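Numbering (the working numbering), first residue to last: 2 to 498.
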Ligand code: NAD
């Protein structure tokens with residue numbers, strides 16, 4: 002059977018790939034490829050960047066009112082048709098439809114923030130800083146910006162960046178993950194329908210060749226990357242060396258500290274939701290429960306009881322959890338269960354060989370719970386990115402905080418307690434970018450900004466919020482004087498107020 006090939010989206014239209022290279026895209030609930038995706042070569046990369054470059058002067062000079070109307074129309078269309086997009090996400094990523102809708106809603110928040118861009122790109126004005134001299138500033142776009150996104154949020158992560166970039170007057174080349182690429186084309190077509198001029202938002206599919214091309218192309222002014230830590234570091238270093246503005250968000254290993262006074266029913270619910278939602282393939286998933294004794298036994302029992310009630314299957318049916326994204330990834334995650342046993346941990350619930358409500362060939366792995374994980378084990382130190390929840394037992398709050406702060410990563414963390422003073426102390430002492438207090442997945446709302454510390458983020462700008470607008474604009478400071486001819490004269494001294 003010949004599979005359809007997903008084209009690029011360049012200059013406002015579908016652009017079939019011409020490199021001769023493709024990659025298969027799977028439906029993870031069936032374990033079969035449903036289409037191929039074009040993988041760009043250098044010529045296609047140049048074409049996408051040229052398209053964005055040509056659109057830039059037209060777009061940046063379009064009136065703010067007209068740009069804002071297009072952003073509003075995009076928001077309306079996306080809201081009307083989000084269930085169509087959710088099904089695309091489920092068919093390529095595997096997450097259940099309700100979770101896919103949640104992802105779109107969080108992306109919509111950023112679109113909604115971006116509709117308010119006229120206020121957020123305003124400059125400042127100071128009259129008469131010297132006699133008859135005014136100073137003011139403008140915030141203008143950068144030009145062509147590159148966005149490179151991961152597989153786990155094929156709609157939301159691109160929407161962390163492109164609504165703000167576009168609203169601020171930039172033009173975009175988005176390189177989505179080749180594992181679930183269709184959402185990007187759907188979003189691009191919708192934006193065109195909303196009235197976006199051709200070339201403002203381009204989608205270039207590809208792999209390392211496309212990424213390297215974006216990192217090196219002189220007409221690409223900035224890179225926003227989200228993915229695993231080694232690639233984020235590489236992207237940050239390469240694009241910085243090439244003189245670009247870069248924000249590169251990397252991997253994570255998020256801890257949930259449970260104090261003895263916590264409500265264990267609520268805490269167990271939170272551990273389940275944050276550990277196994279989207280099959281653990283979230284950068285803000287909880288992967289380690291740090292239990293301050295004596296809570297561990299009771300908490301583990303409650304988590305295990307809840308796991309037994311979870312339904313796993315095709316995300317288009319009414320299941321709690323879907324499959325993993327690829328067979329290779331599923332096998333890699335599952336291999337950590339043996340590593341855990343070899344390293345002396347206790348496998349409380351083994352997710353291999355579970356019963357599923359779906360095709361037997363899907364990339365299944367059930368929720369897995371592992372107790373007494375040694376902090377030297379790779380189960381603790383590696384980012385696993387699957388439905389595998391570890392428990393580490395500690396004696397005190399201080400021991401728990403020291404453990405979390407020693408992590409290579411600093412994306413998200415949470416504390417579960419009824420003690421306000423302990424929570425306040427935690428927020429102050431913990432070295433992590435996003436903190437939840439009795440909130441397990443503390444992804445900030447759109448008008449704050451998203452980003453971690455340490456190996457979870459490279460560059461000094463977070464995604465969306467005010468920092469997003471800061472990243473996608475550059476400021477001019479203008480000093481202006483309209484002198485009367487009588488005010489002339491020679492003065493070689495440095496100008497002073
Ligand atoms: P990945 O690093 O494999 O891929 C991310 C992007 O980089 C993709 O577009 C991919 O095509 C490209 N890429 C892959 N290998 C490359 C290479 N050698 N050279 C250049 N480009 C390359 O990540 P993934 O598996 O798609 O996504 C999961 C990872 O993303 C996890 O580590 C997760 O923690 C991370 N993530 C982080 C955040 C965050 O906000 N910090 C958010 C979502 C996902």
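All C-beta atoms in this analysis are idealised placements derived from N, C-alpha and C, irrespective of residue type, glycine included.
Computed from a prediction, not measured in an experiment: that's the story for all the values here.
When Cβ pairs closer than 8 Å are counted between the two stretches, the stretch 236-253 is seen not to touch the stretch 328-348, the count staying below three. Look at the beta carbons and you see the stretch 417-429 not touching the stretch 179-199: under three pairs across the two are nearer than 8 Å.
Taking residue 29 as the centre and dropping the five residues before and after it, the same chain places the C-beta of 93, 94, 95, 323, 324, 325, 326, 327, 363 and 364 closer than 8 Å to its C-beta, in chain order. Taking 7 Å as the cut-off, the beta carbon of residue 459 is found no closer than this to the beta carbon of residue 115.
Note on the stretch 198-253: whole alpha helix (DSSP H) runs with a minimum of 4 residues are 209-217 and 230-242, in chain order. Under DSSP, the beta-bridge partners assigned to residue 410 are 455. A Cβ-Cβ contact shorter than 7 Å links residue 273 with residue 307. A distance criterion of 6 Å places the beta-carbon of residue 245 beyond contact range of the ligand NAD, judged by its closest non-hydrogen atom.
The stretch 48-65 makes contact with the stretch 196-216; the number of CB pairs closer than 8 Å reaches 3 or more.
The beta carbon of residue 476 sits closer than 6 Å to those of 138 and 140, all from its chain and outside the five residues before and after it, given in chain order. For residue 179, there is no enclosing beta strand (DSSP E), as DSSP marks it with neither H nor E. Residue 315 is not a Cβ neighbour of residue 367, given a cutoff of 7 Å.
In the three-state DSSP reduction, residue 282 falls in the coil class, being neither helix nor strand.
For residue 253, same chain residues with a beta-carbon under 6 Å away, outside a window of 5 residues either side, are 284, 410, 412 and 457 in chain order.
470 is the residue among 430, 24 and 470 whose C-alpha sits nearest the C-alpha of residue 117. Here residue 27 is bridged, per DSSP, to 34.
Only exposed fits residue 449, as fewer than 16 other CB atoms lie within 10 angstroms of its CB. For the ligand NAD, a non-hydrogen atom lies closer than 6 Å to the CB of residue 412.
Contact between the stretch 149-158 and the stretch 480-496 is absent: fewer than 3 CB-CB pairs across the two stretches fall below 8 Å. Minimum Cα-Cα distance from residue 381 among the listed residues 399, 423, 338 and 439 corresponds to 338. Per DSSP, reduced to three states, the secondary structure at residue 19 is coil, with no helix or strand assignment. Remark: the C-beta of residue 450 is outside contact range of the ligand NAD, defined as less than 6 Å to any heavy atom. With contact defined as three or more Cβ pairs closer than 8 Å, the stretch 122-138 and the stretch 478-488 are in contact. Short note on residue 284: C-beta closer than 6 Å to some heavy atom of the ligand NAD. In the DSSP assignment, residue 369 falls outside any alpha helix (DSSP H) and within the unbroken beta strand (DSSP E) covering 369-372.
Here the C-alpha atom of residue 302 lies approximately 19 Å from the C-alpha atom of residue 396. Runs of the alpha helix (DSSP H) lying entirely within the stretch 88-123 and spanning at least 4 residues, in chain order: 98-116 and 118-121. Residue 151 has its Cβ nearer than 6 Å to a heavy atom of the ligand NAD. Using a Cβ distance threshold of 7 Å, residue 208 and residue 50 do not count as a contacting pair. If you ignore the 5 residues before and after residue 440, its C-beta comes within less than 7 Å of the C-beta of 415, all in its own chain and listed in chain order.
Exclusion of the five residues before and after residue 34 leaves 4, 25, 26 and 27 as the residues of its chain whose Cβ lies within less than 7 Å of its Cβ. Beyond the five residues adjoining it in sequence on each side, residue 270 comes within less than 8 Å, by CB distance, of 307 in the same chain, given in chain order. Shortest gap from the CB of residue 253 to any heavy atom of the ligand NAD: under 6 Å. DSSP places residue 74 in the helix class (H, G or I) of the three-state scheme.
Taking the Cβ of residue 227 as the reference point, at least one heavy atom of the ligand NAD falls within a distance shorter than 6 Å. Pairing residue 163 with residue 173 gives a Cβ-Cβ distance under 7 Å.
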